[in-house]
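Accompanying notes for the structure given below.
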Amino acid sequence: MDQAATTTAYGFLTTVESPTHGLFGGYLLVDPAGRPLEFHCTAPVKVSRAQQILYGATLHGHLHGRQIGATLLAAASLQPRVVLTDVEAMLSVRAHTTLPVALVTAADAGTGSASGAAGVTGPGGDEAASETLRTAIEPLVAAVDLREPFERIRAAIDEAQRH
Amino acid sequence: MTVSRTTDHLHSWTAADLALPPVAVALALDPRLPVPATLRLPIDTAVPAVVRLPILEAAPSVTSFSFGPPAAPALPPRPKPTPSAPAHAAATRGSPPAAPKRTRVVPPRDVVKLSERFFFLLQPDLETLLETSRLEFPRQPFPFQFDGMAFLLPRHGAVLADEMGLGKSMQAISALRLLVRSGRARRVLVVCPKGLVSNWARELADWAPELVVATIEGEQGRRRWQWSLADVPVKLANYEVVVRDRELVADLGLEFDLVVLDEAQRIKNRSSQTSQAVRTLRRSRSWALTGTPVENRAEDLVSLFEFVAPGHLHDRMSPKALGAAAADHVLRRTKDKVLTDMPPRLNRDERIELSPEQRETYRLAEEEGVLRLSALGNEATIQNVFELVLRLKQICNFDTATGASAKLECLEAELEEVQASGRKALVFSQWVETLGRLEKRLTRFGALAYHGGMSTVARDEAIRRFRHEKRHSVLLLSYGAGAVGLNLQFSQYVFLFDRWWNPAVEDQAINRAHRIGAAGAVTVTRYLSAGTIEERIDEVLRTKRDLSDTILSQAEAPASSGLTADDLFALFKLAPPRRAAA
Chain X
7 MDQAATTTAY GFLTTVESPT HGLFGGYLLV DPAGRPLEFH CTAPVKVSRA
57 QQILYGATLH GHLHGRQIGA TLLAAASLQP RVVLTDVEAM LSVRAHTTLP
107 VALVTAADAG TGSASGAAGV TGPGGDEAAS ETLRTAIEPL VAAVDLREPF
157 ERIRAAIDEA QRH
Chain P
17 MTVSRTTDHL HSWTAADLAL PPVAVALALD PRLPVPATLR LPIDTAVPAV
67 VRLPILEAAP SVTSFSFGPP AAPALPPRPK PTPSAPAHAA ATRGSPPAAP
117 KRTRVVPPRD VVKLSERFFF LLQPDLETLL ETSRLEFPRQ PFPFQFDGMA
167 FLLPRHGAVL ADEMGLGKSM QAISALRLLV RSGRARRVLV VCPKGLVSNW
217 ARELADWAPE LVVATIEGEQ GRRRWQWSLA DVPVKLANYE VVVRDRELVA
267 DLGLEFDLVV LDEAQRIKNR SSQTSQAVRT LRRSRSWALT GTPVENRAED
317 LVSLFEFVAP GHLHDRMSPK ALGAAAADHV LRRTKDKVLT DMPPRLNRDE
367 RIELSPEQRE TYRLAEEEGV LRLSALGNEA TIQNVFELVL RLKQICNFDT
417 ATGASAKLEC LEAELEEVQA SGRKALVFSQ WVETLGRLEK RLTRFGALAY
467 HGGMSTVARD EAIRRFRHEK RHSVLLLSYG AGAVGLNLQF SQYVFLFDRW
517 WNPAVEDQAI NRAHRIGAAG AVTVTRYLSA GTIEERIDEV LRTKRDLSDT
567 ILSQAEAPAS SGLTADDLFA LFKLAPPRRA AA
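Okay, structure coming up:
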């Protein structure tokens, strides 16, 4: 039995903007205790002025969802129960994956279900989808503040830039 | 139609192409056939160059790291603990933080591989790690103790140099416990002074109850068997056993994932057997615990690093360079920095006039001794001076002829008050003989002795009785046996009946009482006989007291803080002998 089939994992997907290098993507997979299982990060993606003009309002969604998000999800060997992101534009990755992707916000900022100190907004509008999401993240919420792993990703990308 | 493209964007056409009227030519005048005229017309409208704006198509390259499943599986979360008494608090003093603090494990500078740095950076905070590993603590650690664990965890070479009483052993035990639980350490050796083995066994049982510990002791055959035990994650041995079993350990091919040295100032002399023995232990991690990483000289730290990180420091480095090079390996906190709610330590230097009998005996002994040293001239040795100092100090305690003691009279008066208030007092001396005299004279205070001349069992029993039986108000300790490792924070008074040579050792003694969990202010009384050698030694030590702090703060420092040969001779206003170089 391979590891992907036996390990319960949760994905944390985010981006880090560097003024000099561009946009880095980071994807951390953790176990239900919040301990790291896999980490993937992209080379920085720098967008030209012309590309900004051409893509217009679709730029962020394309950049986060297709370019960075989908690439990172494809790089992972583990299939998480849910992918959490703290960047709204990253929700565009839903078009490129079958995994449930939810947005983590500060508890008082979101309208979604409160989970620990964070709010989580799931993909579906119906109650059943919300319940599925709640059940999926329940073990993780008991162990970690859902916003905290994003800090780890940022620290790691910051370290990678210095390395 | 013929179109020819020229490089300069000029195009050629025939006249017919342009539908130009034929040119009428009179045949009579020109029999040749008319030649069509060719016109070259510059065209300004160049073919537009195509600009291809790169679409964001190529996926960025991805770097991946895999950490594998943890050795110990995560457990279901438990209910959040209610704050209890802080670590090492017998009686609750101070309080753990109300808001949960998050302590991150930061990789040290000498971890250079990015994958290893990521391993630490991507871990949850220490509190979450402990929580999800279901590691129970008998008492809630202080935030600075979590910092200490986070400091030790990622380090292969570390010196935890907290001031005495801040819980170095519990921090080390908790960190090694996490290493064992995560599968990163399977064989751990803890080495401590002989007198502290039972203390360590107790601390390990308190702070890591699930870890099986084997104490290496007994005759050689038994020790061989104990060393060989494969399924025991933690072995505990005293320094003497490690020296004695040096070859045995090598023969057995033992390798340790972690070796912890307690009271690591024991290895400050690099050429000593103890230092050599611990340095030959095969190990991947080396942690040293000491409250006095620099006891006398800057070289003490270099010696310590020969175990912790061999070759990292060397003797030729300036104190400032030493401090800078050692900084990432050393963590030192003092009580006044981390325990702002620690009860105060009140210091009293009590100058005592010798009794008339003592004064006369002292005068004669000093005059006679100085005369003898003068007569020896260049043949005088440090040993000669040292003997005289010891003799004079003993007279300051008790008159050798009559047994008179001004210090004792003073001490008795103070102990009356200690006993009347139901408090406990520790009395330190460098001589077992002095402790014996005191024990006889202080029976009404239930005085108990604790020194190296007693068996471990007898010493443990003395501590037990002093701790639990109200009638024992006084514990008499030698600096050698009682200055380290004992938790006597239920004592409110400390008396230094005579002074040790090194202020760091005195501090260790005082911190038996003034430590985490102290139930109130600790009053420290240092007896000094006026106009004697004791006052002169005190002056010398006072000027050198700050060496350790100076080095650890990376500032320039004097080369030594102990009593040098020059210092010893100067106590009697004698010039040190000048000898030809050997």
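Residue numbers (our numbering), protein chains in the order written: chain X, 7 to 169; chain P, 17 to 598.
By construction, the Cβ of each residue, glycine as well, lies at the ideal position given by its N, Cα and C atoms.
Worksheet entry | C-alpha distance - Val99(X) paired with Val107(X), whole-angstrom precision | 8 Å
Item to complete: Quick one: grab the DSSP three-state call for Phe18(X).
Response: strand
Worksheet item: If the cut is a Cβ gap below 8 Å, which residues of chain P does Leu79(X) touch?
Response: Neighbours of Leu79(X) on chain P: none; closest Cβ ~10 Å, over 8 Å.
Practice prompt. Could you name the residues that DSSP lists as bridge partners for Asn254(P)?
Written response: Cys208(P)
Practice prompt. Determine the burial state of Gly363(P): buried for a count of at least 16 other Cβ atoms within 10 Å of its Cβ, exposed for fewer.
Written response: Here residue 363(P) turns out to be Asn, not Gly, going by the sequence shown. Label assigned to Asn363(P): exposed.
Practice prompt. Please list the partners that Val196(P) has in chain X, where partner means a Cβ-to-Cβ separation under 7 Å.
Written response: Correct list: empty, because the minimum Cβ distance to chain X is about 16 Å.
Worksheet item: On the three-state DSSP scale, how would you describe Gln508(P)?
Response: Looking at Gln508(P) - three-state DSSP - the assignment turns out to be coil, as it is neither helix nor strand.
Worksheet item: Straight-line CA distance for Pro123(P) to Phe136(P)?
Response: 6 Å
Item to complete: Can you have a look at Gln435(P) and say buried or exposed, based on whether 16 or more other CB atoms are within 10 angstroms of its CB?
Response: buried
Discussion item. At the level of alpha carbons, what is the spacing between Gly173(P) and Ala340(P)?
Written reply: 15 Å
Worksheet item: Near Glu271(P), which residues of its chain fall below 6 Å by C-beta distance, leaving aside the five closest residues on each side in sequence?
Response: Arg298
Discussion item. Does chain X have any CB closer than 9 Å to the CB of Thr119(P)?
Written reply: no
Discussion item. Can you tell me where the beta strand (DSSP E) holding Thr79(P) begins and where it ends?
Written reply: Taken as a continuous stretch (DSSP letters only), the beta strand (DSSP E) holding Thr79(P) covers 78-82.
Discussion item. Pull the bridge partners of Val276(P) from the DSSP assignment, please.
Written reply: Val206(P), Trp303(P)
Worksheet item: Quick one: Cα of Val354(P) to Cα of Arg361(P), how far?
Response: If I take the Cα positions, the gap works out to 15 Å.
Practice prompt. Show which residues of chain X have a CB atom less than 9 Å away from the CB atom of Ser287(P).
Written response: Within chain X, no residue comes near Ser287(P); the closest Cβ sits about 41 Å away, beyond 9 Å.
Worksheet item: Nearest-angstrom Cα distance between Gln289(P) and Ser319(P)?
Response: 13 Å
Item to complete: Taking the CB atoms as reference points, tell me whether Gly307(P) and Asp178(P) lie closer together than 9 Å.
Response: yes
Worksheet item: What's the call for Thr23(P), buried or exposed, on a 16-neighbour Cβ count within 10 Å?
Response: Confidence in Thr23(P) is poor, its pLDDT being 43 and thus under 50, which makes the residue's placement unreliable; the coordinate value appears in the next sentence. Exposed: under 16 other Cβ atoms inside 10 Å.
Worksheet entry | Per-residue burial, Trp216(P) [other beta carbons within 10 Å of its own, 16 or more giving buried] | buried
Item to complete: Could you give the DSSP three-state label for Gly71(X): helix, strand or coil?
Response: helix
Item to complete: Check the DSSP bridge columns for Phe30(X) and list the partner residues they point to.
Response: Paired residues: Val22(X).
Discussion item. Within 8 Å, do at least three Cβ pairs link the region 261-278 of chain P to the region 234-243 of chain P?
Written reply: yes
Worksheet item: Are the region 457-476 of chain P and the region 509-520 of chain P in contact at 8 Å, needing three or more beta carbon pairs?
Response: no
Worksheet entry | Any C-beta of chain P under 9 Å from that of Phe156(X) | no
Worksheet item: What is the DSSP secondary structure of Asp365(P), counted as helix, strand or coil?
Response: strand
Worksheet item: In chain order, what residues of the region 463-484 of chain P put their CB closer than 9 Å to some CB of chain X?
Response: none
Practice prompt. Please report the Cβ distance between Leu454(P) and Leu424(P), rounded to the nearest whole angstrom; I am assuming they are in contact, meaning their Cβ atoms lie under 8 Å.
Written response: Right, the Cβ-Cβ distance comes to about 7 Å (below 8 Å), so this counts as a contact.
Item to complete: Helix, strand or coil for Leu264(P), going by three-state DSSP, please let me know.
Response: Three-state result, Leu264(P): helix.
Discussion item. Applying the 10 Å Cβ sphere with the 16-neighbour rule, what's the burial state of Thr296(P)?
Written reply: Result: exposed.
Item to complete: Would you give the residue range spanned by the beta strand (DSSP E) that Phe402(P) belongs to?
Response: Note, Phe402(P): premise wrong, no beta strand (DSSP E); alpha helix (DSSP H) at 398-413.
Discussion item. Would you say Phe162(P) lies against chain C (beta-carbon separation less than 9 Å)?
Written reply: Included in the structure are the protein chains X and P, with no chain C among them.
Item to complete: For Ser185(P), write down the residues that DSSP places opposite it in a beta bridge.
Response: Per DSSP, none; premise fails for Ser185(P).
Fill in: Cα-Cα separation, Asp344(P) to Phe18(X)
31 Å
Worksheet entry | Cβ neighbours of Phe402(P) in the same chain (closer than 7 Å, five flanking residues each side left out) | Leu584
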